[in-house]
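**Student:** Here it is, the structure in full.
Residue numbers (my numbering), protein chains in the order written: chain A, 1 to 584; chain B, 1 to 259.
Structure (structure tokens):
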């Protein structure tokens, strides 16, 4: 078994890695690991005052600190029934624009662009692209400047508080922001043309579901009270758990999320796919010029989507400043007196949907639930990496897998501090399936289903093996023809592993045995089997992740009922191994 | 790279990555920083990192896994000077607030009984719990000016400036009205300076996010706060939010007085 890995993903915010395990011609495992340790943030503010919670919980993440601040404020103000002044509302939107400009310009120019221009980092890129690097830095600086002006500091500003702001920024400061935003426009157009025009590498077709905030009023925007899916379905903020279904995985301190047992994506691309039609002005024109259906299935277009959002933000800033300056002076903090309540706040962080849920009992925080974008993207990151790795392996470009996975992970702009750094390629040891089989059986006693056609020589291997296992006295072994009789065994019991026994063509030496999780096979372009689509439709994703295919490479699939010698040998080995495990 | 340039490594342990991000936030100075020093390792910004001998290692974040303990010890062996960069590295961060038992309970509530395959978690601690630290630069995150002052001084071979005084000193320079006089429980007198008294500048009480001030006078503070009628327990509780494992030693004086 070979493992390809990027142990420490560079140019991402935080500490993580991604690994793919290669067993011959098959990518048998992909894991997105977060090394960032556990911080227990959701428990830290229990028993503190709502004000302390608003100060502390954005400390989850530096690069999204304003998004976290706006999310926790929206949640708290929903919980305590506080309605802020129109001026505070618009200033909060303005500081959110600051974060998008800062984060997107850092990501697109400094973290992502070196990948597509072939440099190890942006500073090295500066020798050839001095203009871009310098102006992008100024753009990032401008985003920071907005956050500092409004929230008091670049990172973890404290000026935004429940009820409004400690102090409003001065009129002159806002006018200066407006003027600078207008001055940046020529470079902003250049940015959009650059990132929308890059010839991104192909990603094998792997469509996904996209989720983002519904800003309402048929507008584009970065927050709302509903979640919108690319299917058109919406959820009210209080029903956020219908979308996110967080669970713990053993290779990461970040939880993973699934919607209806399927991975989904959030982020810039989700917003442009779901809401792009609503873009107006120059951003609307650029969307019409560049957007195409291929954006939907290729995560590299996250970078193109980010450039459209930079343009949207720069167009929105002068409007916001004008609206703010029209408003009369008011008290910067609205009074509030509620002592109990629970509320949810939804915002779009630069990397996607961010959900904060906070509950207050007797003036103190009693419950906190925070769902970050990277936690929601984790499953999709693993899935896209697997699809791409398998395709490169099929094309004989194994040496490119590591770099490709690194770039895919980075395309999602994962914020690892949020989610709890990234790529590795491993070669499976010889007879890796034996070790894997032991691991699987440690999770629970597996059930087996033998599949195949015994009249096509080696294709009958699965059926024959199942019969032999039955004869050897192993429990819960079914034949393909018997599965309807005992659905309980393989549909409902998700704690127990399920293993399909089958002849699978991996283009390998005859008789080679491979064990791999079913959810990976479904994405695998070179494998398919008549039974698998049916099965995958019946079982849920968590069951699917606990379902495996023990595949044997056939030699011949001609008519006949004899198995070839290498396949017979493989069957004996499997039977022996399984009996040994059972006896232990 | 020029042999005369200082070799610097910037490392992130567990935290919000804000202190490392702060360096990238020095936009106008960033290219100069990379030209003035030999930045050997900085994972957030570059992929061609070299892990060798260093003149200075800036470590941000607190230690929360066994792998991080190993990484930290390796950094210490390679670096002449190790700087605890930011609040998490200096005091353990907000995530170091829990006592051992409380930490275990809360860890279990979030991650259940699942055994992590990639590393083993440990309770959050500042880096000086495992290695000798030469310098501390607290702050959540470290202030930009604070970092640039430190960096230029170190490049010129001068000792870095210390910030032993509490927030109140800068707050007075900024001519703010004292919030304590208005009955608002501000943590300025107990908190390390370096932020520029940002919260009181916005009419808001100091949240304590630079951690306990080295040069504060806890005895006199205790009587002052008591005299003004503040709830000492509530202040201690608020102070604990950003003081990590260093809170206990800081309040030893406080405790003596209250007896």
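Beta carbons: idealized from backbone N, C-alpha and C, even for Gly. Bear in mind that the values here come from a model prediction, so they are computed numbers and not experimental data.
Name, in chain order, the residues that DSSP records as bridge partners for residue 31/A.
**Tutor:** Beta-bridge pairing links residue 31/A to 19/A.
**Student:** Can you find the residues in the same chain that come closer than 7 Å, C-beta to C-beta, to residue 274/A, ignoring five residues on each side of it along the sequence?
**Tutor:** Cβ neighbours of residue 274/A beyond the five flanking positions: 210, 212, 228 and 230.
**Student:** Going by Cα to Cα distance, which pick from 71/B, 101/B, 55/B and 240/B is closest to residue 81/B?
**Tutor:** Among 71/B, 101/B, 55/B and 240/B, the Cα nearest to that of residue 81/B is on 55/B.
**Student:** Name the DSSP bridge partner or partners of residue 231/A?
**Tutor:** Residue 231/A pairs with nothing; no bridge assigned.
**Student:** Under 8 Å, Cβ to Cβ, is there at least one residue of chain B near residue 526/A?
**Tutor:** Because residue 526/A carries a pLDDT of 42, less than 50, the predicted location of this residue cannot be relied on, and the following value inherits that uncertainty. Chain B contact via Cβ: absent.
**Student:** Would you kindly report the start and end of the unbroken alpha helix (DSSP H) that includes residue 89/A?
**Tutor:** From DSSP, the alpha helix (DSSP H) with residue 89/A extends over 86-105.
**Student:** Does the distance from the C-beta atom of residue 487/A to that of residue 571/A stay below 8 Å?
**Tutor:** No, the pair does not count as a contact, with Cβ atoms beyond the cut-off.
**Student:** Grab me the residues of residue 7/B's own chain with a C-beta within less than 6 Å of its C-beta, minus the 5 sequence neighbours each way, in chain order.
**Tutor:** Here the set comprises 38, 40, 54 and 55.
**Student:** By Cβ distance below 6 Å, which residues in the same chain neighbour residue 91/A in space, the five residues on each side in sequence not counted?
**Tutor:** The answer, listed in chain order, is 150.
**Student:** With a cut-off of 8 Å on the beta carbons, I'd call residue 265/B and residue 38/A a contact; round off their distance for me.
**Tutor:** Here chain B covers residues 1 to 259 and nothing more, so residue 265/B does not appear.
**Student:** If you compare alpha carbons, which of 30/A, 381/A, 438/A and 499/A is closest to residue 547/A?
**Tutor:** It is 499/A whose Cα lies nearest to the Cα of residue 547/A.
**Student:** Does any CB atom of chain A fall closer than 8 Å to the CB of residue 263/B?
**Tutor:** Since the first residue of chain B shown is 1 and the last is 259, residue 263/B is not available in this structure.
**Student:** Within 8 Å (strictly less), CB to CB, does residue 153/A reach chain B?
**Tutor:** So, interface residue.
**Student:** For residue 236/A, count the other beta carbons within 10 Å of its own beta carbon; 16 or more makes it buried, fewer makes it exposed. Which is it?
**Tutor:** The residue is exposed, with fewer than 16 neighbouring Cβ atoms inside 10 Å.
**Student:** Taking the continuous beta strand (DSSP E) assigned at residue 129/A, which residues delimit it?
**Tutor:** Where residue 129/A is concerned, there is no enclosing beta strand (DSSP E), given that its DSSP letter is neither H nor E.
**Student:** Please classify residue 436/A: is it buried, with 16 or more other beta-carbons within 10 angstroms of its beta-carbon, or exposed?
**Tutor:** That one is buried.
**Student:** So residue 79/B and residue 9/B are in contact, right, with Cβ under 8 Å, and what is the actual spacing, rounded?
**Tutor:** Correct: roughly 7 Å between the Cβ atoms.
**Student:** What three-state label does DSSP hand residue 79/B in the structure shown?
**Tutor:** Reduced to three states, the DSSP call for residue 79/B is strand.
**Student:** Could you spell out the range, first to last residue, of the alpha helix (DSSP H) harbouring residue 226/B?
**Tutor:** Per DSSP, residue 226/B belongs to the alpha helix (DSSP H) from 218-227.
**Student:** From 447/A, 387/A and 125/A, pick the residue whose C-alpha is nearest to that of residue 109/A; which is it?
**Tutor:** Residue 109/A has its Cα closest to that of 125/A, out of 447/A, 387/A and 125/A.
**Student:** Counting only Cβ pairs nearer than 8 Å, list the residues of chain A close to residue 34/B.
**Tutor:** Result: 123.
**Student:** Give the residues from the region 2-17 of chain B that approach chain A closer than 9 Å (Cβ to any Cβ), ordered along the chain.
**Tutor:** Flagged, chain order: 12, 13, 14, 15, 16 and 17.
**Student:** Please tell me whether residue 96/A and residue 222/A are closer than 8 Å, where the distance is taken between their beta carbons.
**Tutor:** Yes, they are a contact pair.
**Student:** Do residue 86/B and residue 142/B have their CB atoms nearer than 8 Å?
**Tutor:** Yes. Within cutoff.
**Student:** In the DSSP assignment, what are the bridge partners of residue 160/A?
**Tutor:** DSSP output for residue 160/A lists 165/A as bridge partner(s).
**Student:** Short of 7 Å in beta carbon distance, which residues of its chain neighbour residue 330/A, apart from the five on each side in sequence? Order them along the chain.
**Tutor:** The answer, listed in chain order, is 85 and 87.
**Student:** Give me the subset of the region 231-252 of chain B whose CB atoms are less than 7 Å from a CB atom of chain A, sorted by chain position.
**Tutor:** The residues in question are 238 and 241.
**Student:** Thinking residue 200/B and residue 206/B are a contact (beta carbons under 8 Å), I'd like their distance in whole angstroms, please.
**Tutor:** The pair is a contact, with the Cβ atoms about 6 Å apart (cut-off 8 Å).
**Student:** With a threshold of 8 Å between beta-carbons, can residue 69/A be considered close to chain B, or not?
**Tutor:** Output row for residue 69/A: interface = no.
**Student:** For residue 94/B and residue 189/A, I'd like the C-alpha separation in whole angstroms.
**Tutor:** Straight-line Cα distance between these residues: approximately 41 Å.
**Student:** What are the boundary residues of the beta strand (DSSP E) that includes residue 448/A?
**Tutor:** 447-450 is the span of the beta strand (DSSP E), which, as asked, contains residue 448/A.
**Student:** In its own chain, which residues sit with a C-beta less than 6 Å from the C-beta of residue 209/B, not counting the 5 before and 5 after it?
**Tutor:** Excluding sequence neighbours, residue 209/B sits near 140 and 242.
**Student:** Which residues, in order along the region 218-230 of chain B, keep a beta-carbon less than 7 Å from a beta-carbon of chain A?
**Tutor:** Correct list: empty, as no residue qualifies.
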